[in-house]
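Novice: One line per chain: the protein sequences are A, B and C, in this order.
Going by this note's numbering, the first residue of the first sequence is number 1, and it counts up by one from there.
Going by this note's numbering, the first residue of the second sequence is number 361, and it counts up by one from there.
Going by this note's numbering, the first residue of the third sequence is number 618, and it counts up by one from there.
C-beta: ideal position from N, C-alpha, C; glycine also.
None of these values were measured; they are calculated from a predicted model.
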Amino acid sequence: MIYRETGVHHTTYRTDMALFRVPLARWSVAGLLVVAVVIPFFATDYWFSAILIPFLTFTIATLGLNLMTGYAGQVSLGHAAFIAVGGYTATILLIYDIPFLAAVVLGGLMAALVGLVFGIPSARIKGLYLAMATLAAQFVLPWAISRVVPLVVPTGLAVAGGDTVYPPRPNLFGLEIDSLFERYFVSLAILVVMTVFAMNLVRTRVGRAWVAIRDHDVAAKILGVNITHYKLLAFAIGSFYAGVSGALMVFFYYGVAHVGEFNLDLSLKLLGAIIIGGLGSIIGSFFGTAFIILLPIFLNISLTFLGNAAGFQVSSGIIAGIENIVFGALVVVLLIVEPLGLAKFWQNVKDYFRLWPFSY
Amino acid sequence: MAILEARDVHIAFGGVQALQGVDLTLNEGEILAVIGPNGAGKTTLMNCISGWYKPDKGRILLEGRDITGLPADKVAAAGIGRTFQNTAIFHGLTVLENIMVGAHLWMRSNFLSCMLYWNLAQKEEIEVREFAEEIIDFLEIEHIRRTPAGALPMGLRRRVELGRALAMRPKVLLLDEPMAGLNVEEKEDMARFVLDVNEEWGLPVILIEHDMGVVMDISDRVMVLDYGRKIAEGTPDEVRQNPKVINAYLGVQSEAV
Amino acid sequence: MDFFLELFVNGLLTGVLYALIALGLVLIYKASSVLNLAVGEMALLASFVVALAANFGAPSWLAILAGVVVMVAFGYFVERLAFRPLIGQPVISLIMATVGIALFLRGIYFILSNKWPVYLVDLGLPVDSLNLGPVSLLSSSVVGGLVALLLFGLVGYIYARTRTGLALRAVSDNQTVALSLGISIDHLWAVVWIGAGLVALVSGIVWGQRIGVQFGIAILGLKGLPVVFLGGLDSMVGALLAGIFIGVAENVVAGYLDPLIGGGTKEFLPFFIMLIALWVRPYGFFGREIIERV
Ligand SMILES: Nc1ncnc2c1ncn2[C@@H]1O[C@H](COP(=O)(O)OP(=O)(O)OP(=O)(O)O)[C@@H](O)[C@H]1O
Ligand SMILES: [Mg+2]
Numbered sequence: 001m002i003y004r005e006t007g008v009h010h011t012t013y014r015t016d017m018a019l020f021r022v023p024l025a026r027w028s029v030a031g032l033l034v035v036a037v038v039i040p041f042f043a044t045d046y047w048f049s050a051i052l053i054p055f056l057t058f059t060i061a062t063l064g065l066n067l068m069t070g071y072a073g074q075v076s077l078g079h080a081a082f083i084a085v086g087g088y089t090a091t092i093l094l095i096y097d098i099p100f101l102a103a104v105v106l107g108g109l110m111a112a113l114v115g116l117v118f119g120i121p122s123a124r125i126k127g128l129y130l131a132m133a134t135l136a137a138q139f140v141l142p143w144a145i146s147r148v149v150p151l152v153v154p155t156g157l158a159v160a161g162g163d164t165v166y167p168p169r170p171n172l173f174g175l176e177i178d179s180l181f182e183r184y185f186v187s188l189a190i191l192v193v194m195t196v197f198a199m200n201l202v203r204t205r206v207g208r209a210w211v212a213i214r215d216h217d218v219a220a221k222i223l224g225v226n227i228t229h230y231k232l233l234a235f236a237i238g239s240f241y242a243g244v245s246g247a248l249m250v251f252f253y254y255g256v257a258h259v260g261e262f263n264l265d266l267s268l269k270l271l272g273a274i275i276i277g278g279l280g281s282i283i284g285s286f287f288g289t290a291f292i293i294l295l296p297i298f299l300n301i302s303l304t305f306l307g308n309a310a311g312f313q314v315s316s317g318i319i320a321g322i323e324n325i326v327f328g329a330l331v332v333v334l335l336i337v338e339p340l341g342l343a344k345f346w347q348n349v350k351d352y353f354r355l356w357p358f359s360y
Numbered sequence: 361m362a363i364l365e366a367r368d369v370h371i372a373f374g375g376v377q378a379l380q381g382v383d384l385t386l387n388e389g390e391i392l393a394v395i396g397p398n399g400a401g402k403t404t405l406m407n408c409i410s411g412w413y414k415p416d417k418g419r420i421l422l423e424g425r426d427i428t429g430l431p432a433d434k435v436a437a438a439g440i441g442r443t444f445q446n447t448a449i450f451h452g453l454t455v456l457e458n459i460m461v462g463a464h465l466w467m468r469s470n471f472l473s474c475m476l477y478w479n480l481a482q483k484e485e486i487e488v489r490e491f492a493e494e495i496i497d498f499l500e501i502e503h504i505r506r507t508p509a510g511a512l513p514m515g516l517r518r519r520v521e522l523g524r525a526l527a528m529r530p531k532v533l534l535l536d537e538p539m540a541g542l543n544v545e546e547k548e549d550m551a552r553f554v555l556d557v558n559e560e561w562g563l564p565v566i567l568i569e570h571d572m573g574v575v576m577d578i579s580d581r582v583m584v585l586d587y588g589r590k591i592a593e594g595t596p597d598e599v600r601q602n603p604k605v606i607n608a609y610l611g612v613q614s615e616a617v
Numbered sequence: 618m619d620f621f622l623e624l625f626v627n628g629l630l631t632g633v634l635y636a637l638i639a640l641g642l643v644l645i646y647k648a649s650s651v652l653n654l655a656v657g658e659m660a661l662l663a664s665f666v667v668a669l670a671a672n673f674g675a676p677s678w679l680a681i682l683a684g685v686v687v688m689v690a691f692g693y694f695v696e697r698l699a700f701r702p703l704i705g706q707p708v709i710s711l712i713m714a715t716v717g718i719a720l721f722l723r724g725i726y727f728i729l730s731n732k733w734p735v736y737l738v739d740l741g742l743p744v745d746s747l748n749l750g751p752v753s754l755l756s757s758s759v760v761g762g763l764v765a766l767l768l769f770g771l772v773g774y775i776y777a778r779t780r781t782g783l784a785l786r787a788v789s790d791n792q793t794v795a796l797s798l799g800i801s802i803d804h805l806w807a808v809v810w811i812g813a814g815l816v817a818l819v820s821g822i823v824w825g826q827r828i829g830v831q832f833g834i835a836i837l838g839l840k841g842l843p844v845v846f847l848g849g850l851d852s853m854v855g856a857l858l859a860g861i862f863i864g865v866a867e868n869v870v871a872g873y874l875d876p877l878i879g880g881g882t883k884e885f886l887p888f889f890i891m892l893i894a895l896w897v898r899p900y901g902f903f904g905r906e907i908i909e910r911v
């Protein structure tokens, strides 16, 4: 019985503090990885481009947002803008022949730098006022991008007023990353690494300091946490994740850097994703991202089906409308009944099995 | 030998003169109780010592070193640990993690090594975990070490806060009404912990408390505040006899009882 | 100079309308410390309802009445179903709840406008342009500006002179004291949400006249944020002054800058101003820093 904790005793703190403490967790993660590796062998092109690749790339963004907002409590209404910064930076670097991985990392670093700048007010303000600073990012950055990009991209490569740029085909150690299959695996590898980093951050000194600041900033400070330092760190790291995801979105999902894609809607959607998935939960970022990607697909299929059965055409406008209604209502309902989101339900399921067969 | 001194501390909020020239001396190894009616300025004095408020006038000295005006996190690093009157635990962290936050200030690993869970970070995390477990054993809260602190009742919250302050490895411990809202049994436990901390770890303690029984029992000296001024200081017995104190505070209390 | 004057006066009129959006934000913030990110969507919904009713042939007064009914019902239910259960939650949850409501309203708008595409609030107001010396203005803008000022006066009067206003002021000063005086917070919250719904109705109608009933109204709602930031989240006078300032600033700067850099100034400038202000005066120009207690 690998599904229970009963009978598992740790004799050293080292094993008790391992990333996955119980065999259950280790096995289920291993199982998930196997699934992740096997799926692409069966997936259709539609699966790749509508579900799998967006899921992998967007999850990196929601991980970052969750570190920043869910763990450290710094609400960001401008995450999409930081994604855009990473996406454009990486694209431009690729145009100038910087290797793929370096371009992705530098995209992330550029986003981190910009995030840091927009995080500066967090040293003195919090809550509402800070949320407004990030909202400013959402309006100021795309504007700045659409002015700056045409100046640095060689003419001919940028279209539509100069702020829409097609990246050259990236290659990894001399191998072109082209097919959906290849894009999937590269994205998967980067996501796995970023997830491990995030899990390490939240279970150590840094993560504890973040949550302490979120839950009671005054006490955190009086206990010796340099809260300015850790807030700025949250901005930088959250934006770094955004930047990396932006690079991958542009290269592997959108196939083009287009500033209109990274609008306030996307920011709000990502925020909704971590609320639904679970604030302050790594796995919650996965659930939330899956939710925002699957919801429209699910509604599309089921409503079209129902419409056909009832004999009328359901237009895409209606489906988009219902998607918004469901999404918005769910955000509100979850905030009221289960602020910890889907991750909490998952936890309940796990707790049930953890102590099995002694369920007291 | 004085380990902590406050000299002539003044602070005002708008029109309210919360402290008007208060002196405080805490000697090595002693428990100093600070008492006084509501609004006397006890918490405000602690906030001045721990660097949350900056006194308008006056000095705070820790082991002779001037710490006035340092930011609160630097004051903590200098060696002042404390708990809070209204409890300020971190709801989303487990009891164990709350206590480990206390150790934050003397940990060294930076965000990169944490991210990679690299050699140093891992070693340090384990070392801090061991240390935190000692505190947990001492406070007899093993059974709740993985419970989110937000789910705890008041009695345990106060204990977790004490543990968190101890994890700071402070030179001086400030306890702001650690027994408020506890039942008799919990109060006894807490009094025992405070005494143990003081005797076994040799930690000097400033204790703000309204329960005179506890104050008389465990403190070495008592200082009385009223309207932002010190009106008496001495051994528990001396203070109990002091007419000014009876007038300003104890009288009111016995009427209330 | 004439060009400047024209930009200035038009900016002034736009600014008053920004102030109107900000007024809805301030009303809710004062009573409940919630920053309502759904202002724009509320205005959008209101203008759509009025336009739809007018489109179906309802006379102006009836169309407006329909808007009133919908917005009152909306304010009431939102407070009841979403915000009352959230009392005591951290600010971040409250902001995010308003994001949820914004998305919800968008969804409703998408569906309804898909079924009945209407683009104009037509209440039969004059649409000709007025010529005041060198400046020419759309008369509907002028009417809109006047209506907005009137509404400011009305809300200010309610705050200063009525019992409800007194209770509202008491709550924004100190919730605990207000509670102990026997003021029902639930009741007041419902009042402000309904009030904000009505303010949204007015801004929806006025904006609907100017730019048409379209999704842009929801985005415009966000312009209220830099305004309330500059003016202070709990100051109505601040909202009015800051609204006018932002309106004039963006219009004048855009008038000179847009031809040089190819447009877009109005979209980013208010937020840029807010950002600079956040850096230099983090608590706004009217808000004050408080020392937290522990
Ligand atoms: N941050 C602040 N802003 C405004 N006034 C303050 C602040 N902190 C303390 N005060 C005022 O200073 C005075 C002393 O308050 P303090 O909390 O120190 O009293 P106390 O002795 O701890 O009382 P209690 O026994 O009720 O805890 C009070 O009048 C209080 O209102
Ligand atoms: Mg006190």
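1) Can you determine whether any heavy atom of ligand 2 sits closer than 7 Å to the C-beta of Thr403 of chain B, and answer yes or no?
2) Look at the alpha carbon of Ala856 of chain C and the alpha carbon of Leu644 of chain C, and state the distance between them as a whole number of angstroms.
3) Does the beta carbon of Gly399 of chain B come closer than 8 Å to any beta carbon on chain A?
4) Rounded to whole angstroms, what's the CA-CA distance from Gly207 of chain A to Trp678 of chain C? Just pull it up for me.
5) Along the alpha helix (DSSP H) that carries Ala144 of chain A, what are the first and last residues, could you check?
6) Hey, how far is the Cα of Glu615 of chain B from the Cα of Leu535 of chain B?
7) Just mark Lys483 of chain B as buried or exposed, buried being the case when its beta carbon has 16 or more other beta carbons within 10 Å.
8) Quick test of the definition: if touching needs 3 or more C-beta pairs under 8 Å, does the segment 397-404 of chain B touch the segment 596-605 of chain B?
9) Would you please verify whether the beta carbon of Phe885 of chain C is less than 8 Å from any beta carbon of chain A?
10) Strictly under 8 Å for the Cβ-Cβ distance: is Phe471 of chain B near chain A by that measure?
11) Three or more beta-carbon pairs under 8 Å between the segment 277-292 of chain A and the segment 81-97 of chain A, yes or no?
12) Can you tell which of B:Gly462, B:Glu537, B:Glu390, B:Leu533 has the C-alpha that lies nearest to the C-alpha of Glu493 of chain B?
13) Hey, would you say the C-beta of Gln445 of chain B is under 7 Å away from at least one heavy atom of ligand 2?
14) Gly814 of chain C: which of C:Gly628, C:Thr631, C:Val633, C:Leu637 sits nearest, CA to CA?
15) Which runs of the alpha helix (DSSP H) at least 4 residues long sit entirely within the segment 492-551 of chain B? Give them in chain order.
16) Report the residue from B:Gly439, B:Gly523, B:Ala378 whose alpha carbon sits nearest the alpha carbon of Phe553 of chain B.
17) DSSP beta-bridge partners for Ser267 of chain A?
18) What residue from C:Val772, C:Thr779, C:Glu623, C:Asn868 has the CA that sits closest to Glu884 of chain C's CA?
19) Check each residue of the segment 436-455 of chain B: if its Cβ is closer than 8 Å to any Cβ of chain C, include it; give the result in chain order.
20) Which runs of the beta strand (DSSP E), 3 residues or longer, sit entirely within the segment 640-672 of chain C?
21) DSSP three-state label for Ala675 of chain C, please.
22) Short of 8 Å Cβ to Cβ, which residues in the segment 455-467 of chain B face chain C?
23) Can you give me the C-alpha to C-alpha distance between Arg21 of chain A and Phe235 of chain A, rounded to a whole angstrom?
24) Under 8 Å between C-beta atoms, does Ile712 of chain C make it to chain A?
25) Nearer than 7 Å: is that true of the beta carbon of Ala393 of chain B relative to any heavy atom of ligand 1?
26) Since Gly86 of chain A and Ala247 of chain A should fall inside the 8 Å C-beta cutoff, what is the C-beta to C-beta distance between them, to a whole number of angstroms?
27) Would you be able to state if there are at least three C-beta pairs under 8 Å between the segment 259-279 of chain A and the segment 18-32 of chain A?
28) Below 8 Å, can you find three or more Cβ-Cβ pairs linking the segment 316-331 of chain A to the segment 378-392 of chain B?
29) Please name the residue in B:Arg442, B:Glu593, B:Tyr413, B:Gly375 whose C-alpha comes closest to that of Glu429 of chain B.
30) Which word fits Glu545 of chain B, buried or exposed, when buried means at least 16 other C-beta atoms lie within 10 angstroms of its C-beta?
31) Less than 8 Å between the beta carbons of Gly452 of chain B and Gly510 of chain B, yes or no?
32) So, at 6 Å on beta carbons, what are the nonlocal neighbours of Val557 of chain B in its own chain, with the 5 sequence-adjacent residues on each side left out?
33) Per DSSP, what are the beta-bridge partners of Leu626 of chain B in this structure?
34) Please return the same chain residues whose Cβ sits closer than 8 Å to the Cβ of Met460 of chain B, not counting the five positions on each side in sequence.
35) Quick one: what's got a C-beta closer than 8 Å to Gly341 of chain A's C-beta in the same chain, skipping five residues either side?
36) How long is the line joining the alpha carbons of Thr304 of chain A and Ile728 of chain C, rounded to whole angstroms?
Specialist: Judging by the given coordinates:
1) Within the second sequence, the letter at position 43 stands for residue 403 of chain B. Yes, Cβ of Thr403 of chain B sits closer than 7 Å to a heavy atom of ligand 2.
2) Numbered from 1 along the third sequence, position 239 holds the residue referred to as residue 856 of chain C. Numbered from 1 along the third sequence, position 27 holds the residue referred to as residue 644 of chain C. Looking at the two C-alpha atoms, the distance is approximately 11 Å.
3) Within the second sequence, numbered from 1, the residue matching residue 399 of chain B stands at position 39. Using beta-carbon distances, Gly399 of chain B does not count as an interface residue toward chain A, since no partner is under 8 Å.
4) As a working note, residue 207 of chain A is residue 207 in the first sequence. As a working note, residue 678 of chain C is residue 61 in the third sequence. So the alpha carbons of these two residues sit roughly 58 Å apart.
5) Position 144 of the first sequence, counting from 1, holds the residue named residue 144 of chain A. Residue range 128-152 is occupied by the alpha helix (DSSP H) that includes Ala144 of chain A.
6) Here the question's residue 615 of chain B lines up with position 255 in the second sequence. Here the question's residue 535 of chain B lines up with position 175 in the second sequence. The pLDDT assigned to Glu615 of chain B is 48, lower than 50, so where the model puts this residue is not dependable, and the model offers no usable value.
7) Taking the first residue of the second sequence as position 1, residue 483 of chain B is located at position 123. Exposed is the call here.
8) Using a Cβ-Cβ distance cut-off of 8 Å, the segment 397-404 of chain B and the segment 596-605 of chain B are not in contact, since fewer than three pairs of beta carbons, one from each stretch, lie closer than that value.
9) Position 268 of the third sequence, counted from the first residue, corresponds to residue 885 of chain C. Cβ-Cβ to chain A under 8 Å: yes for Phe885 of chain C.
10) On the second sequence, position 111 is the one that residue 471 of chain B refers to. A Cβ of chain A is located within less than 8 Å of the beta carbon of Phe471 of chain B.
11) Output reads no: the segment 81-97 of chain A does not touch the segment 277-292 of chain A.
12) Here residue 493 of chain B refers to the residue found at position 133 of the second sequence. Comparing Cα positions, the closest option is B:Gly462.
13) In the second sequence, counting from the first residue as 1, residue 445 of chain B sits at position 85. Correct: Gln445 of chain B has its Cβ closer than 7 Å to ligand 2.
14) The residue given as residue 814 of chain C occupies position 197 in the third sequence. Looking at C:Gly628, C:Thr631, C:Val633, C:Leu637, the one whose alpha-carbon comes closest to that of Gly814 of chain C is C:Leu637.
15) Every unbroken stretch of the alpha helix (DSSP H) spanning 4 or more residues and falling wholly within the segment 492-551 of chain B is given here in chain order: 514-527.
16) For the purposes of this step, residue 553 of chain B is taken as the residue at position 193 of the second sequence. Ranking B:Gly439, B:Gly523, B:Ala378 by CA distance to the CA of Phe553 of chain B puts B:Gly523 first.
17) By 1-based counting over the first sequence, the position of residue 267 of chain A is 267. Looking at the DSSP assignment, Ser267 of chain A forms no beta bridge with any residue, so it has no partner.
18) Locating residue 884 of chain C in the third sequence gives position 267, where the first residue counts as 1. Closest option to Glu884 of chain C, Cα to Cα, is C:Asn868.
19) Residues Phe444, Gln445, Asn446, Ala448.
20) The segment 640-672 of chain C contains no whole beta strand (DSSP E) run of 3 or more residues.
21) If you number the third sequence from 1, residue 675 of chain C lands on position 58. Coil at Ala675 of chain C, not helix or strand.
22) Within the segment 455-467 of chain B, no residue places its CB atom closer than 8 Å to a CB of chain C.
23) For the purposes of this step, residue 21 of chain A is taken as the residue at position 21 of the first sequence. For the purposes of this step, residue 235 of chain A is taken as the residue at position 235 of the first sequence. Whole-angstrom Cα-Cα distance: 29 Å.
24) Residue 712 of chain C sits at position 95 when you count from the first residue of the third sequence. Interface residue, yes.
25) As a position in the second sequence, residue 393 of chain B is number 33, starting the count at 1. Because no heavy atom of ligand 1 lies under 7 Å away, the Cβ of Ala393 of chain B does not count as near it: no.
26) What you label residue 86 of chain A is simply residue 86 of the first sequence in a count that begins at 1. What you label residue 247 of chain A is simply residue 247 of the first sequence in a count that begins at 1. Yes, Gly86 of chain A and Ala247 of chain A are in contact; Cβ-Cβ is about 5 Å, under 8 Å.
27) No, the segment 18-32 of chain A is not in contact with the segment 259-279 of chain A.
28) With the cut-off at 8 Å, the segment 316-331 of chain A and the segment 378-392 of chain B do not touch.
29) For the purposes of this step, residue 429 of chain B is identified with residue 69 of the second sequence, where counting begins at 1. It is Gly, not Glu, that sits at residue 429 of chain B in the sequence shown. The shortest C-alpha separation from Gly429 of chain B is found at B:Tyr413.
30) The sequence position of residue 545 of chain B within the second sequence is 185, counting from 1. Around the C-beta of Glu545 of chain B, fewer than 16 other C-beta atoms lie within 10 Å, and the residue is accordingly described as exposed.
31) Within the second sequence, the letter at position 92 stands for residue 452 of chain B. Within the second sequence, the letter at position 150 stands for residue 510 of chain B. For Gly452 of chain B and Gly510 of chain B, yes; Cβs fall inside 8 Å.
32) Along the second sequence, one-based indexing puts residue 557 of chain B at 197. Cβ within range, chain order: Leu563.
33) This structure does not reach residue 626 of chain B, given that chain B is present from 361 up to 617, and the question cannot be answered.
34) In the second sequence, counting from the first residue as 1, residue 460 of chain B sits at position 100. Excluding positions up to five away in sequence, the list reads Val488, Arg489, Ala492, Ala527.
35) The count along the first sequence starts at 1 and reaches residue 341 of chain A at position 341. In the same chain as Gly341 of chain A, and ignoring 5 residues on each side of it, the C-beta atoms closer than 8 Å to its own belong to Ile274, Ile275, Ile276, Gly277, Gly278, Leu279, Ser281, Gly284, Phe287, Gly288, Leu334, in chain order.
36) Against the first sequence, residue 304 of chain A aligns to sequence position 304. Against the third sequence, residue 728 of chain C aligns to sequence position 111. Each residue's Cα considered, the two are about 15 Å apart.
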